[in-house]
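Novice: Structure provided below as structure tokens; questions to follow.
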Amino acid sequence: MDIQNDFFYTKEHEWVSIEDNIATVGISDYAQEALGDITFVELPHVEDEIEQFGQIASVESVKAASDIFSPISGKIIEVNTDLESQPGLINKSPYHKGWIAKIEVSDSEELSNLMNAEEYENFLESEG
Amino acid sequence: MIPYIPHTHNDVEEMLKVIGVSSINDLFGDIKTHHAPRSFQLPQGKSEFEVVEYLKKVAAKNRSNLIPFIGAGYYDHYIPSAISALVSRGEFYTAYTPYQPECSQGTLQALYEFQSSICTLTSMEAANASVYEGGTALYEAAMMAIRITKRPKIIMDSGVSPIYRKIIKSYTSNLNFEFQETPVIHGKADRASIERLCDKKTAAIIVQNPNFFGVMDDHSDIVEKAHSQGILVIQSVYPISLGLLKTPGEMGVDIATGDGQSLGLSLNFGGPYFGFMTTRKKYIRQMPGRIVGQTVDGQGRRCFVNTLQAREQHIRREKATSNICTNAALCALQGLIYLSLLGKEGIRELAELNFHKAEFMRRELEKIKWVVVKRSSATFNEFTVCLPQSASIVVEQMVDKGFAAGFPLGRYYKEMENYLLISVTEKRTKEEIIKYAQALNNILNG
Chain A
1 MDIQNDFFYT KEHEWVSIED NIATVGISDY AQEALGDITF VELPHVEDEI
51 EQFGQIASVE SVKAASDIFS PISGKIIEVN TDLESQPGLI NKSPYHKGWI
101 AKIEVSDSEE LSNLMNAEEY ENFLESEG
Chain B
1 MIPYIPHTHN DVEEMLKVIG VSSINDLFGD IKTHHAPRSF QLPQGKSEFE
51 VVEYLKKVAA KNRSNLIPFI GAGYYDHYIP SAISALVSRG EFYTAYTPYQ
101 PECSQGTLQA LYEFQSSICT LTSMEAANAS VYEGGTALYE AAMMAIRITK
151 RPKIIMDSGV SPIYRKIIKS YTSNLNFEFQ ETPVIHGKAD RASIERLCDK
201 KTAAIIVQNP NFFGVMDDHS DIVEKAHSQG ILVIQSVYPI SLGLLKTPGE
251 MGVDIATGDG QSLGLSLNFG GPYFGFMTTR KKYIRQMPGR IVGQTVDGQG
301 RRCFVNTLQA REQHIRREKA TSNICTNAAL CALQGLIYLS LLGKEGIREL
351 AELNFHKAEF MRRELEKIKW VVVKRSSATF NEFTVCLPQS ASIVVEQMVD
401 KGFAAGFPLG RYYKEMENYL LISVTEKRTK EEIIKYAQAL NNILNG
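Protein chains in written order, with this note's numbering: chain A, 1 to 128; chain B, 1 to 446.
Okay, here's the thing in structure tokens:
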């Protein structure tokens with residue numbers, strides 16, 4: 001199970017990494033594994049305002065559809081349009097090519113509501 | 001007859017005792033008498049014999065021998081005998097998409113072919129496996145547009161069937177959406193009014209072709225202007241007319257729907273019929289209903305599956321595109337067989353025949369002194385005439401002469417008390433049309 005060291009995580013298995021006040025958001029390796037082959041990603045619209053833990057996207061695998069929640073509040077500035085034609089990028093590269101959206105962070109204090117890599121690893125273990 | 005309620009009198013008494021009320025009426029005592037549905041006062045059951053006799057008596061009131069000139073959305077087309085022979089085969093005889101649908105490859109293949117033929121007819125990219133009827137299809141299209149655009153307002157042209165508009169309004173009466181209606185000018189959708197109402201809150205414009213008055217229109221200009229403002233266009237169509245008219249796909253429409261009754265289904269006092277729904281590929285995930293797809297099995301053989309099911313209620317729960325979780329499979333199959341029997345040439349010839357017969361009738365009626373035939377816009381197989389008196393009364397008098405003369409527009413349009421909507425299908429003969437004109441002439445002169 002791959003966990004990226006300097007990323008932050010939610011209990012719903014989304015990740016966020018922050019650089020220059022821009023947050024990149026996706027779902028964790030654990031999440032993609034649990035969902036199975038992803039067939040479609042419903043992306044948010046650029047300029048949408050998103051609340052922390054509010055719905056940002058949804059992903060469909062062959063027999064399930066799951067909502068994706070944003071780890072952080074802010075305005076969407078970019079979405080990964082590659083996912084429109086290659087939703088499987090989330091399975092192949094959940095932390096890099098499979099990112100979902102970039103958000104202009106409105107409150108970096110919100111990171112304290114999230115887990116760091118070590119905490120997320122413990123969380124996964126406790127979830128069994 | 002048995003009431004189909006499994007509880008015996010004793011069961012009921014026992015349950016009432018447990019919850020501490022003395023009678024069923026007592027149980028519903030909080031509902032005031034004037035709010036209580038009539039089903040609370042059902043009479044005692046009757047024997048099978050009595051029921052059959054009663055139904056025969058009711059059925060005898062139908063004037064089924066009248067020569068029909070009524071359309072208004074549902075049309076008297078010829079139904080080839082092959083249709084009932086094929087759909088009544090046991091292998092097909094189920095009203096719905098079956099459970100474990102992949103076990104029923106024949107049914108899925110038929111629905112896949114149905115979707116393909118509806119796409120060909122409308123020149124749209126994707127169709128679902130059908131919904132219950134045209135009005136529901138149009139309502140679902142409106143909801144689809146609201147989901148796609150995330151905007152709350154719908155503009156509806158009054159040329160859209162008033163029955164459909166009523167369905168949409170009643171379905172959405174408790175939802176926070178706004179509907180604005182635009183008038184019909186010279187028989188067509190009023191471009192200026194539509195343009196005035198278009199704004200950033202507008203999800204879609206709903207139009208119909210031919211419209212309720214039978215008027216043919218090319219809505220391409222409406223589509224172009226709508227798209228420039230991020231607004232979708234929904235068009236309800238009469239499928240037979242597509243043999244002759246520009247298709248919704250050619251006009252650039254985003255969602256096209258219609259009622260399938262005219263495709264080989266008899267006029268059953270309102271149903272069961274089927275509705276069809278088509279859209280562009282990019283919006284397919286927002287389309288409700290079952291969709292059958294073609295794929296290959298583990299050994300590479302062609303097979304059919306229900307696809308894109310993550311949109312549907314059994315997976316998506318409250319976030320599903322709709323609470324529709326089945327289709328009108330048997331009725332859709334009738335539509336498929338009808339379209340297959342006609343083919344591309346057949347449907348064109350049929351549409352031409354309908355158009356020319358209606359034109360012939362228009363000319364015949366124009367000869368009558370008291371009748372004003374609306375000529376402002378070209379019509380397909382249905383047209384409006386203005387009479388010197390109430391159309392409803394004329395229709396009643398025409399019944400005595402053996403005709404179902406048409407649909408009195410006053411029923412839905414307040415200022416149109418004297419207007420009659422007359423439909424002419426390929427089944428109407430020259431003699432019938434001439435006799436109709438004579439009968440009408442006699443009534444108006446008498």
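Cβ coordinates follow ideal geometry from the N, Cα and C atoms, glycine included.
Should Y462/B go down as buried or exposed, given a rule of 16 or more other Cβ atoms within 10 Å for buried?
Specialist: Outside the shown range of chain B, which is 1 to 446, sits residue 462/B, and nothing can be said about it.
Novice: Determine the burial state of G343/B: buried for a count of at least 16 other Cβ atoms within 10 Å of its Cβ, exposed for fewer.
Specialist: exposed
Novice: Is the shortest distance between the beta-carbon of A34/A and the beta-carbons of chain B less than 7 Å?
Specialist: no
Novice: For a contact defined as C-beta to C-beta under 8 Å, what are the partners of R316/B on chain E?
Specialist: Judged by its chain identifiers, the structure shown contains no chain E, and its protein chains are A and B.
Novice: Let me make sure I understand the geometry here. Which of P37/B, N25/B and L121/B has the alpha-carbon closest to that of G346/B?
Specialist: L121/B
Novice: Residue range of the alpha helix (DSSP H) that E359/B falls in?
Specialist: A329 to E366
Novice: Check whether the region 174 to 191 of chain B and the region 208 to 217 of chain B are in contact - that is, three or more C-beta pairs closer than 8 Å.
Specialist: The region 174 to 191 of chain B makes contact with the region 208 to 217 of chain B, as at least three CB pairs between them are under 8 Å.
Novice: Identify which residue in L114/A, H13/A and G74/A has its Cα closest to the Cα of I22/A.
Specialist: Of the candidates L114/A, H13/A and G74/A, the one whose C-alpha sits nearest the C-alpha of I22/A is G74/A.
Novice: Short of 7 Å in beta carbon distance, which residues of its chain neighbour R316/B, apart from the five on each side in sequence? Order them along the chain.
Specialist: So the list reads A310, once near-sequence residues are dropped.
Novice: Within the 7 Å Cβ cut-off, does E60/A reach chain B?
Specialist: With 7 Å as the cut-off, E60/A counts as an interface residue toward chain B.
Novice: Would you tell me roughly how many angstroms separate the C-alpha atoms of N10/B and V21/B, rounded to the nearest one?
Specialist: 14 Å
Novice: Which residues in chain B have a C-beta closer than 9 Å to the C-beta of F40/A? List them in chain order.
Specialist: R285, L308 and A310
Novice: Can you give me the C-alpha to C-alpha distance between T425/B and N354/B, rounded to a whole angstrom?
Specialist: 5 Å
Novice: At the level of alpha carbons, what is the spacing between F40/A and A64/A?
Specialist: 11 Å
Novice: Short of 7 Å in beta carbon distance, which residues of its chain neighbour L341/B, apart from the five on each side in sequence? Order them along the chain.
Specialist: P80 and A82
Novice: Please state if the CB of I90/A and the CB of V46/A are separated by a distance shorter than 7 Å.
Specialist: no
Novice: Look at the alpha carbon of P288/B and the alpha carbon of K369/B, and state the distance between them as a whole number of angstroms.
Specialist: 51 Å
Novice: Does DSSP put D157/B in a helix, a strand or coil?
Specialist: strand
Novice: If distances are taken between C-alpha atoms only, which option among G230/B, Q261/B, D221/B and N323/B comes closest to E250/B?
Specialist: D221/B
Novice: Would you kindly work out how many angstroms separate the C-alpha atoms of E33/A and Y139/B, rounded to a whole number?
Specialist: 38 Å
Novice: Could you have a look at S17/A and say whether DSSP puts it in helix, strand or coil?
Specialist: The answer is strand: DSSP assigns S17/A an E or B state.
Novice: So, at 7 Å on beta carbons, what are the nonlocal neighbours of C303/B in its own chain, with the 5 sequence-adjacent residues on each side left out?
Specialist: For C303/B, same chain residues with a beta-carbon under 7 Å away, outside a window of 5 residues either side, are Q105, T295, V296 and D297 in chain order.
Novice: Give me the Cβ distance between M1/A and D20/A, rounded to the nearest whole Å; I'm assuming they're in contact under 8 Å.
Specialist: In fact, because the Cβ distance is near 29 Å, the residues do not count as touching under 8 Å.
Novice: Which of the three DSSP states, helix, strand or coil, is assigned to A36/B?
Specialist: Three-state result, A36/B: coil.
Novice: Taking R316/B as part of the alpha helix (DSSP H), name the residues at either end of that continuous run.
Specialist: Q313 to R316
Novice: Drop a sphere of 10 angstroms on the beta-carbon of G275/B, count the other beta-carbons inside from all chains shown, and report buried for 16 or more, exposed for fewer.
Specialist: It counts as buried.
Novice: Just grab the DSSP bridge partners of K102/A for me.
Specialist: T24/A and E78/A
Novice: Applying the 10 Å Cβ sphere with the 16-neighbour rule, what's the burial state of A405/B?
Specialist: buried
Novice: Verify whether the separation of the beta carbon atoms of V73/B and S193/B is less than 7 Å.
Specialist: Looking at the sequence itself, residue 73/B is Gly, so the reference to Val does not match. No, the Cβ-Cβ distance between G73/B and S193/B is not below 7 Å.
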